[in-house]
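A.B. asks: Here you go, one structure.
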Amino acid sequence: MTAFKNLLKTKTVAAAVAVLILCGCGSTSEQNRQREESSTYAVDVTESTSASSVNWSARFPSELNAPLKQALSIPAHDDEVTKLVFAPDGGMLVSISYGDYHLKLWDAATGAQLGWQKSPDRPVDAVMSPTGKWFVTADVYGNLRRWPISRDGVGMYENIAEKTGKATKIALSPDGRRLAVTSWDSPMSVWDLARRKKIKVFEGTEKMRSVAFVPGTQILASGNNQKSFILWDLSERSWWERWFSDDKTEFVIPKVSPQSDVASLDVSQDGNLLATGHMDSSITLWDLGRRRQLKNYFVRDASTLQVAFSPHGSLLASANQDGRVYLWDGKSGVKYAELSGHGKGVKTVAFSPTEEKIASGGEDGKILIWE
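Heads up, the numbering used here is the position in the sequence shown plus 2, with the first residue counted as 1.
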């Protein structure tokens, strides 16, 4: 068993608290409409690998028994690796680069390049479908494109929407049907992918920097440019406002610089935990069920550019400007490992859905895969 597998002998996180689960949302006609939508966007459970299929141990080690092994170093791009996303089975990895415009597909086991395409404009974010048959990119102008993938390579894109806002960040709902979009100059929105239609707009949200769906709920989380995050009820119920800030609009994160962007935000797959990463190096952990902050800590004066939970939420990885990836206990924030190997800052980090690997991408254009 590899050191990484030893690290991932985890203490099972409690099941999602009932208050997070919003039942009965939507009419019967809406449910029927969703069932009739193109199967291109629906989740095919026979082709997906869920976290629940992994054999989990009940214990979490107090420390690493051995360092993690750097299994692969891939000279992937001529400029920074902006985002990495694994296919659901962990077998393929997609990388995008803002600097060289390229989208590349890799064999995660061997590092072999399976295919590539060049984006018409600089890509800034990417999300993988639950089936692993396609991924979506957003570029610097807010153009949204869907790209088919297979072991044979990357196909030509399909336009979803154009010019949704500058420097766009996106999140895909767990069922693969809805896409949340944030930008620096346009309100946050939610899109129906099958119909390529905007179905919800959140007015006054032009300053959102990050976004994530809360699995198992009708809640959308977004982080802004002033150390705050907001939970939005997509079913249009308003009771979530009861535990926001005094003005009932947002969570203001303590001990974070006032103008520090929430550069990254992620939610554990059970919907219990939320993490934020900030440009002032801060990382915060929140228990959504108990409505409280668990941890707030600072990382070496090195901006936290991305945070990502492991599939079962037991680990949190952070990509930092000091050229390191940090691994933390997903609930207590205890640091378990520092992964170094990038010559410059780390821009992105991703867990394999099977939890056998971690991939990191840096400003040096390299992808490192750890196991």
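Ideal Cβ placement from N, Cα and C applies to all residues, glycine included.
Keep in mind that this is a model prediction, so the values were computed, not measured.
1) Checking the sheet assignment: what are the DSSP bridge partners for Trp-186?
2) How many whole angstroms separate the CB atoms of Lys-349 and Leu-296, which I take to be in contact at a CB cut-off of 8 Å?
3) For Pro-256, is the classification buried or exposed, using 16 other Cβ atoms within 10 angstroms of its Cβ as the cut-off for buried?
4) Hey, Trp-136 and Pro-150: beta-carbon distance below 7 Å or not?
5) Taking contact to mean 3 or more Cβ pairs, one atom from each stretch, closer than 8 Å, check whether the region 341 to 348 and the region 289 to 303 are in contact.
6) Between Val-213 and Lys-171, how many whole angstroms is the CB-CB distance? I'm expecting something under 8 Å.
7) Taking just the CA atoms, how far does Thr-219 sit from Gly-26?
8) Just to confirm my understanding: we take Ser-270, look at its own chain, exclude 5 residues before and 5 after, and list those with CB closer than 6 Å. What are they?
9) Given this structure, state the Cα-to-Cα distance separating Ser-128 from Arg-292, to the nearest angstrom.
10) For the beta strand (DSSP E) containing Val-309, name the first residue and the last one.
11) For the candidate residues Ala-110, Gly-92, Asp-109 and Val-87, whose alpha-carbon lies nearest to that of Ser-99?
12) Would you mind reading off the limits of the beta strand (DSSP E) that contains Ser-237?
13) My output table needs one value for Ala-196: the three-state DSSP class, helix, strand or coil.
14) Going straight from the alpha carbon of Ala-196 to that of Arg-179, what length do you get?
15) Going by CA-CA distance only, name the one from Ala-140, Ala-173, Leu-174 and Leu-276 that's closest to Lys-165.
16) Pull up the distance between the alpha-carbon of Ala-352 and that of Leu-233, whole angstroms please.
17) May I ask which residues mark the beginning and end of the beta strand (DSSP E) holding Gly-117?
18) Per DSSP, what kind of secondary structure is Gly-345 in: helix, strand or coil?
19) Under 7 Å, do Val-258 and Ser-284 count as touching if we go by C-beta distance?
20) Does DSSP classify Thr-350 as helix, strand or coil?
21) Ignoring anything shorter than 4 residues, give me the alpha helix (DSSP H) runs that lie fully in the region 68 to 128, in order along the chain.
22) In angstroms, rounded to a whole number, what distance separates the CA positions of Gly-200 and Ala-163?
23) Would you call the CB atoms of Ala-169 and Trp-186 closer than 7 Å?
24) Do Ile-371 and Leu-74 have their CB atoms nearer than 7 Å?
25) So, using beta-carbon positions, are Met-210 and Met-190 closer together than 7 Å?
26) Does DSSP put Gly-1 in a helix, in a strand, or in coil?
27) I need the straight-line Cα distance from Val-138 to Val-336, nearest angstrom please.
28) As an exercise, report each continuous beta strand (DSSP E) stretch of at least 3 residues that is fully enclosed by the region 209 to 237, in chain order.
29) Among residues of its own chain, excluding the 5 on either side of Gly-367, which ones have a beta-carbon nearer than 7 Å to its beta-carbon?
30) How should Asn-161 be labelled, buried or exposed, when 16 other C-beta atoms within 10 angstroms of its C-beta is the threshold for buried?
C.D. replies: To lay it out plainly:
1) As a position in the sequence shown, residue 186 is number 184, starting the count at 1. According to DSSP, which records beta bridges pairwise, Trp-186 is partnered with nothing at all.
2) Along the sequence shown, read from residue 1 onward, the residue named residue 349 stands at position 347. Along the sequence shown, read from residue 1 onward, the residue named residue 296 stands at position 294. With 8 Å as the limit, Lys-349 and Leu-296 do not qualify as a contact, their Cβ atoms being about 26 Å apart.
3) Looking up residue 256 in the sequence shown gives position 254. The residue in question, Pro-256, is exposed, as its Cβ has fewer than 16 Cβ neighbours within 10 Å.
4) Translated into positions along the sequence shown, residue 136 becomes position 134. Translated into positions along the sequence shown, residue 150 becomes position 148. A contact, by the Cβ cut-off of 7 Å.
5) Verdict: no, contact absent.
6) Counted from its first residue, the sequence shown places residue 213 at position 211. Counted from its first residue, the sequence shown places residue 171 at position 169. Yes, Val-213 and Lys-171 are in contact; Cβ-Cβ is about 6 Å, under 8 Å.
7) Within the sequence shown, numbered from 1, the residue matching residue 26 stands at position 24. Within the sequence shown, numbered from 1, the residue matching residue 219 stands at position 217. Reliability of the predicted coordinates at Gly-26 is poor, the pLDDT of 33 falling under 50, and no value is obtained from them.
8) The residue labelled residue 270 in the question sits at position 268 within the sequence shown. For Ser-270, where only same-chain residues beyond five positions count, the Cβ hits under 6 Å are Phe-311 and Gly-315.
9) As a first step, residue 128 is located in the sequence shown; it is residue number 126 there, counting from the start. As a first step, residue 292 is located in the sequence shown; it is residue number 290 there, counting from the start. Here residue 128 is Ala; the residue named in the question, Ser, does not match the sequence. Distance from the CA atom of Ala-128 to the CA atom of Arg-292, rounded to whole angstroms, is 31 Å.
10) For the purposes of this step, residue 309 is taken as residue 307 along the sequence shown, with counting starting at 1. Run containing Val-309: 306 to 311, per the beta strand (DSSP E) assignment.
11) By 1-based counting over the sequence shown, the position of residue 99 is 97. The shortest Cα separation from Ser-99 among Ala-110, Gly-92, Asp-109 and Val-87 belongs to Val-87.
12) Position 235 of the sequence shown, counting from 1, holds the residue named residue 237. Annotation for Ser-237: no beta strand (DSSP E) segment contains it, and DSSP assigns it neither H nor E.
13) If you number the sequence shown from 1, residue 196 lands on position 194. Of the three classes helix, strand and coil, the one that applies to Ala-196 here is coil, per DSSP.
14) Residue numbering aside, residue 196 sits at position 194 when the sequence shown is read from its first letter. Residue numbering aside, residue 179 sits at position 177 when the sequence shown is read from its first letter. In a straight line, the C-alpha of Ala-196 is about 7 Å away from that of Arg-179.
15) Against the sequence shown, residue 165 aligns to sequence position 163. Considering only alpha carbons, the answer is Ala-140.
16) Translated into the one-based positions of the sequence shown, residue 352 becomes position 350. Translated into the one-based positions of the sequence shown, residue 233 becomes position 231. Straight-line Cα distance between these residues: approximately 24 Å.
17) By 1-based counting over the sequence shown, the position of residue 117 is 115. Element bounds for Gly-117: 115 to 120.
18) Position 343 of the sequence shown, counting from 1, holds the residue named residue 345. Looking at Gly-345 - three-state DSSP - the assignment turns out to be coil, as it is neither helix nor strand.
19) Residue 258 sits at position 256 when you count from the first residue of the sequence shown. Residue 284 sits at position 282 when you count from the first residue of the sequence shown. Note that the C-beta distance between Val-258 and Ser-284 is below 7 Å.
20) For the purposes of this step, residue 350 is taken as the residue at position 348 of the sequence shown. The three-state secondary structure of Thr-350, taken from DSSP, is strand.
21) Fully enclosed alpha helix (DSSP H) runs of 4 or longer: not present.
22) One-based indexing of the sequence shown puts residue 200 at position 198. One-based indexing of the sequence shown puts residue 163 at position 161. The residue you asked about is not Gly; residue 200 is Lys in the sequence shown. Rounded to the nearest angstrom, the two C-alpha atoms are 9 Å apart.
23) As a working note, residue 169 is residue 167 in the sequence shown. As a working note, residue 186 is residue 184 in the sequence shown. Their beta carbons are under 7 Å apart, which means Ala-169 touches Trp-186 by this criterion.
24) Here residue 371 refers to the residue found at position 369 of the sequence shown. Here residue 74 refers to the residue found at position 72 of the sequence shown. Taking 7 Å as the Cβ cut-off, Ile-371 and Leu-74 qualify as a contacting pair.
25) To locate residue 210, count along the sequence shown from 1; it is residue 208. To locate residue 190, count along the sequence shown from 1; it is residue 188. Between Met-210 and Met-190, the C-beta gap is smaller than 7 Å, which places the two residues in contact.
26) Residue 1 is absent from the model: the chain starts at 3 and stops at 373.
27) The residue given as residue 138 occupies position 136 in the sequence shown. The residue given as residue 336 occupies position 334 in the sequence shown. Val-138 and Val-336: Cα-Cα distance of roughly 34 Å.
28) Those beta strand (DSSP E) runs which fall completely within the region 209 to 237 and span 3+ residues are 210 to 216, 221 to 226 and 230 to 235.
29) Stepping through the sequence shown from its first residue, residue 367 is reached at position 365. These residues qualify, in order along the chain: Pro-77, Ala-78, His-79, Asp-80, Asp-81, Glu-82 and Val-83.
30) To locate residue 161, count along the sequence shown from 1; it is residue 159. Exposed, since its Cβ has fewer than 16 Cβ neighbours within 10 Å.
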